[in-house]
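Below you'll find the structure, written out as structure tokens, and then a few comments.
Structural data, given as structure tokens:
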């Protein structure tokens, strides 16, 4: 519906070529309207999408809603997915956009809310992880928004700065600076 | 590699790449998809609105593609004046909220609107015209659905329509605030 000239970085079309991307018949089926196939894709990818939303949103209570938004949006936009990159990368791109929008539209409320719940919201993950990991998760949650998103994408998800810059609509240098800042802050928290 | 750096890197490696949500999110996602598909099939005020917006979209594409020409020719003072007024504001406080999260929608819209107003002088007039028109059309649709809900307050599809119209309005405002700004609002 929107008739505005979107900045290329905000487009949700897949732009990251990956020769290893395997053409998944479930993707084709979902693109043709098969919701059972889409449900299977959801089951396969929800763990990584939720982890990304949980860590980048900063507020565990928001991760649930943002994850839902990601998959509803993905269903709407699936016809535009051309399998030039893995589906997980395409979903991550949508997730980053949704998280950034969420921060933008709720920033005033978020500033007023003192975090009370742990970031390690998933019960399975919480039970499985040692205390050191919990401390690191808490440290990540306390990072400034941009530094947190870059750290999660670069250090945990393994994206290159060029890809992060593309997702976030910033320069590679800015992405590097946020990562450097995030790591310095985390070392302070973890070693202090 | 120094010790603290290695320590952080090793701790990061120990984090799980996947975390299961505390509950199954699929039923809610499925319900939202079904609701959207129902709305898409059902002729209603939003479909009519979508038609009008489609026309506005076509006009917008033409406007954007002509931005260079506009710049060469110079924007007429009357054209600039016509978009210098703030976005038409609905009066959310004047109507009773129907949806439980309407206050959140209104707050998000107000935040985005304020952000857009702060950048108004930096945005090209043709883009502002499209944004203003889209917001006006969606505000009319929201008003129409709200009026229908006064008559049929328990109509689930009307409530879904209202939810969708409010979401669409946020989408328009978000997209507008994400546009790269142009110094002095010149057409580029």
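Chains as they are written, first to last, in the working numbering: chain A, 915 to 1106; chain B, 36 to 223. C-beta: ideal position from N, C-alpha, C; glycine also. Remember, predicted model here, so these are calculated numbers, not experimental data.
Which term fits residue i, buried or exposed, when burial requires 16 or more other beta carbons within 10 angstroms of its beta carbon?
i	result
residue 62 (chain B)	exposed
residue 213 (chain B)	buried
residue 73 (chain B)	exposed
residue 1010 (chain A)	buried
residue 965 (chain A)	buried
residue 1079 (chain A)	buried
residue 59 (chain B)	exposed
residue 1077 (chain A)	buried
residue 189 (chain B)	exposed
residue 69 (chain B)	exposed
residue 957 (chain A)	exposed
residue 942 (chain A)	exposed
residue 149 (chain B)	exposed
residue 200 (chain B)	buried
residue 1034 (chain A)	The predicted position of residue 1034 (chain A) is uncertain, since its pLDDT is 42 and thus under 50; no value can be drawn from it.
residue 969 (chain A)	buried
residue 191 (chain B)	exposed
Taking the straight line between their C-alpha atoms, what separation do you get for residue i and residue j?
i	j	result
residue 197 (chain B)	residue 167 (chain B)	20 Å
residue 71 (chain B)	residue 993 (chain A)	16 Å
residue 1093 (chain A)	residue 1007 (chain A)	18 Å
residue 158 (chain B)	residue 939 (chain A)	44 Å
residue 1064 (chain A)	residue 187 (chain B)	47 Å
residue 202 (chain B)	residue 49 (chain B)	38 Å
residue 1072 (chain A)	residue 960 (chain A)	18 Å
residue 1018 (chain A)	residue 990 (chain A)	22 Å
residue 974 (chain A)	residue 967 (chain A)	9 Å
residue 1068 (chain A)	residue 1075 (chain A)	7 Å
residue 194 (chain B)	residue 164 (chain B)	29 Å
residue 174 (chain B)	residue 204 (chain B)	8 Å
residue 971 (chain A)	residue 977 (chain A)	6 Å
residue 65 (chain B)	residue 44 (chain B)	38 Å
residue 981 (chain A)	residue 954 (chain A)	16 Å
residue 1105 (chain A)	residue 1051 (chain A)	14 Å
residue 138 (chain B)	residue 155 (chain B)	25 Å
residue 171 (chain B)	residue 185 (chain B)	21 Å
residue 998 (chain A)	residue 1091 (chain A)	29 Å
residue 1000 (chain A)	residue 179 (chain B)	42 Å
residue 181 (chain B)	residue 962 (chain A)	39 Å
residue 153 (chain B)	residue 1005 (chain A)	32 Å
residue 1070 (chain A)	residue 1054 (chain A)	11 Å
residue 151 (chain B)	residue 42 (chain B)	44 Å
residue 988 (chain A)	residue 176 (chain B)	25 Å
residue 147 (chain B)	residue 169 (chain B)	14 Å
residue 67 (chain B)	residue 979 (chain A)	12 Å
residue 986 (chain A)	residue 1089 (chain A)	28 Å
residue 1066 (chain A)	residue 983 (chain A)	19 Å
residue 51 (chain B)	residue 1049 (chain A)	14 Å
residue 1003 (chain A)	residue 1095 (chain A)	25 Å
residue 162 (chain B)	residue 995 (chain A)	27 Å
Is the shortest distance between the beta-carbon of residue i and the beta-carbons of chain E less than 7 Å?
i	result
residue 197 (chain B)	Of the protein chains in this structure, namely A and B, none is chain E.
Exercise for review: Inspect the CB distances between the stretch 1005-1020 of chain A and the stretch 1051-1068 of chain A and report whether three or more fall short of 8 Å.
Suggested key: yes
Point to revise | Within 7 Å of chain B by C-beta, residues of the stretch 989-1010 of chain A in sequence order | key: 989
Check your understanding: Would you call the stretch 199-211 of chain B and the stretch 139-157 of chain B touching, i.e. three or more CB-CB distances under 8 Å?
Key -> yes
Exercise for review: Report yes or no: do three or more beta-carbon pairs, one from the stretch 48-66 of chain B and one from the stretch 1084-1102 of chain A, lie closer than 8 Å?
Suggested key: no
Check your understanding: Between the stretch 1086-1104 of chain A and chain B, which residues of the former have a C-beta closer than 8 Å to a C-beta of the latter?
Key -> 1097, 1100, 1101, 1104
Check your understanding: What runs of the alpha helix (DSSP H), each 4 residues or longer, lie entirely inside the stretch 177-222 of chain B?
Key -> 191-212
Exercise for review: Would you check if the stretch 949-963 of chain A and the stretch 1096-1106 of chain A touch, i.e. whether three or more CB-CB distances between them fall below 8 Å?
Suggested key: no
Check your understanding: Quick one, which residues of the stretch 168-195 of chain B are near chain A if we go by CB-CB under 8 Å, in chain order?
Key -> 169
Review point. Curious, which full-length beta strand (DSSP E) runs of at least 3 residues does the stretch 936-986 of chain A contain?
Key: none
**Study point:** Residues of the stretch 968-985 of chain A whose Cβ lies closer than 7 Å to any Cβ of chain B, in chain order
**Key:** 968, 978, 981, 982, 985
Practice item. Below 8 Å between beta carbons is the criterion; list the residues of the stretch 1069-1085 of chain A that meet it against any residue of chain B, in chain order. Key: 1069, 1070, 1071, 1083
Practice item. Please list the residues of the stretch 136-166 of chain B that have a C-beta atom closer than 9 Å to any C-beta atom in chain A, keeping them in chain order. Key: 139, 142, 143, 144, 146, 147, 150, 162, 165, 166
**Study point:** Completely contained alpha helix (DSSP H) runs for the stretch 137-177 of chain B, where each covers 4 or more residues
**Key:** 137-153
**Study point:** chain A contacts from the stretch 51-67 of chain B (Cβ-Cβ distance under 8 Å)
**Key:** 51, 52, 53, 54, 55, 56, 57, 58, 60, 61, 63, 64, 65, 67
Review point. Taking a cut of 8 Å between CB atoms, which residues from the stretch 199-213 of chain B lie near chain A?
Key: 203, 205, 206, 207, 209, 210, 211, 212, 213
Point to revise | Complete runs of the beta strand (DSSP E) confined to the stretch 41-70 of chain B [at least 3 residues] | key: none
Review point. Which runs of the alpha helix (DSSP H) fall wholly inside the stretch 1041-1106 of chain A and span at least 4 residues, in chain order?
Key: 1045-1055, 1059-1065, 1075-1082, 1086-1105
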